[in-house]
Structures are given as structure tokens and as C-alpha cells.
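I have placed the structure first, in the form of C-alpha cells, so that the comments after it can refer back to it.
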Amino acid sequence: MEFNLFEYLRGKGEEGFTQVKPLEIEKGILLYQPPQRVTPIYEIVKGAIRIGSYSLQGEEICYDILKPGDFFGNLQYLNGQFSEFAKTLTPVILRAYDQPYFKKITTQIPEVSEWFSYKLVSRWCRAEERLFAVRSLNAQEKVQRILKQFQEQIEDGTGKNHSLVNLLTLQDMADLTGMTRQTVSKVIKEELFRAGQKRSKIRT
1174 MEFNLFEYLR GKGEEGFTQV KPLEIEKGIL LYQPPQRVTP IYEIVKGAIR
1224 IGSYSLQGEE ICYDILKPGD FFGNLQYLNG QFSEFAKTLT PVILRAYDQP
1274 YFKKITTQIP EVSEWFSYKL VSRWCRAEER LFAVRSLNAQ EKVQRILKQF
1324 QEQIEDGTGK NHSLVNLLTL QDMADLTGMT RQTVSKVIKE ELFRAGQKRS
1374 KIRT
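Okay, so the sequence shown: first residue is 1174 according to this note's numbering, each after it adds one.
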């Protein structure tokens, strides 16, 4: 069974646990954005979040789409090198952990420290795999990989179910694959055309 930080802290009666705040937030809301650098550490209970930054022209650039069980925010380990936004893609239910408290429990409680190390390495590995795909796959393979990666079903803060892939915009897919939006659109149309041809052959 996967480690549940909130349930673990509640079961242990950890000091400061009562300061963890439940939040319900509507779709399309910015939780933080540059130049804000002090944030809580958020846990996604239900819904999806887009994290990213801004281009010099002020356009959003997507780093990742986060789902229930993911954590995000600024742990303030990088001497102010934090320039990120977080926006709700659906209605969400979150838990907000005070940043000093979160750092304390992830460094002083062995079980939590081990769990958090696993979370960090998993996110790091995901980023490395995505970078490898950007550098090594062709356009069709990149799009196929992203479509497969985001097939998971999630529940949002209102109880509605979503496939993560349906929450992605063409621009999100472009950012995550290192291609232009136009190229992503072209590849998807070609994929749909090929799929249609295959279905036609099966019917005949």
C-alpha cells in the first residue's frame, strides 16, 4: 500500500499536524506565480495542477501536469532560484503544509524522509526520461509517448472523473515534447487519419 503522509501524521499525532490546511479551489486559479517565492507545500488530494514558468514574452510554458498524490511548492533550498507558477486545471482539493513544518518532518522523521526521497527521485527520473525523449525520439514517437503517459483517470474536487490526457492543451503537449504546437497538431491529425484507415480496413 502506498505511503500516505497525511494519514501517517494523523495516526502518529505529530506536533503541528493540526496546522495542515484543507483547501477547495476552482478551476483556472493561480496558486502562485513569479515573483512569489514563499509558498506552502501543497498536496493534491483530488484534481490536476499545471506547473510551469513564463517565457520572455509572458507566455506560459508547462513543466508538468500533476495529479492526486503529487506535492508541489517551494522548499527554498535553491537560494531564491524559484520562478514557477501553479494553476488548477480542474476544481481541486488540496492540503497546504506550512513550509518549515514540511521541511522538519521530511528531515527528522525517518519514515517520512524515506518516502520523500522516493517522491523526489521519481520526479527527477520522470524529468530525465522526458528530456531523453525530447532529444532522441521523432515527432510521432514523442506525441505517442505523451498520450500514453497521461491516460490515467483522476477525480476532481467536485467528484467528476477526467482522463488526464483530455486536460492537456496542444501547447502543453508542445512544451512537454519540445516541439511547436503546430507540429503536435499535425502529428495528432496524422495519427487520427491512420487510426481511421485501420478501422476502415477492419470493417471491410
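We treat Cβ as the ideally placed atom computed from N, Cα and C, and that holds for glycine.
For Glu1216, no alpha helix (DSSP H) encloses it; the enclosing beta strand (DSSP E) starts and ends at 1214-1219.
Distance between Val1338 and Glu1325, taken at the CA atoms: about 8 Å. Note that the C-beta distance between Ile1198 and Thr1261 is below 9 Å. With a 10 Å radius around the Cβ and a threshold of 16 neighbouring Cβ atoms, Asn1247 comes out buried. Inter-segment contact for the segment 1345-1360 and the segment 1315-1325 is present: three or more beta-carbon pairs are separated by less than 8 Å. If you look at Arg1268, you'll find it isn't in any alpha helix (DSSP H); it sits in the beta strand (DSSP E) that goes 1265-1270. Within the DSSP secondary-structure output, Pro1195 pairs in a beta bridge with Arg1268.
The bridge partners DSSP lists for Ile1238 are Arg1223. Here DSSP, grouped into helix, strand and coil, assigns Asn1334 to strand.
The Cβ atoms of Leu1182 and Phe1190 sit closer than 9 Å to each other.
DSSP places Gln1322 within a helical segment (H, G or I) once states are collapsed to three. In terms of Cβ geometry, Ile1217 and Asp1237 do not form a close pair [threshold 9 Å]. Sequence-distant partners of Phe1179 (beyond 5 residues in either direction) whose C-beta falls short of 8 Å from its own C-beta, in its chain, are Val1193, Glu1216, Arg1268.
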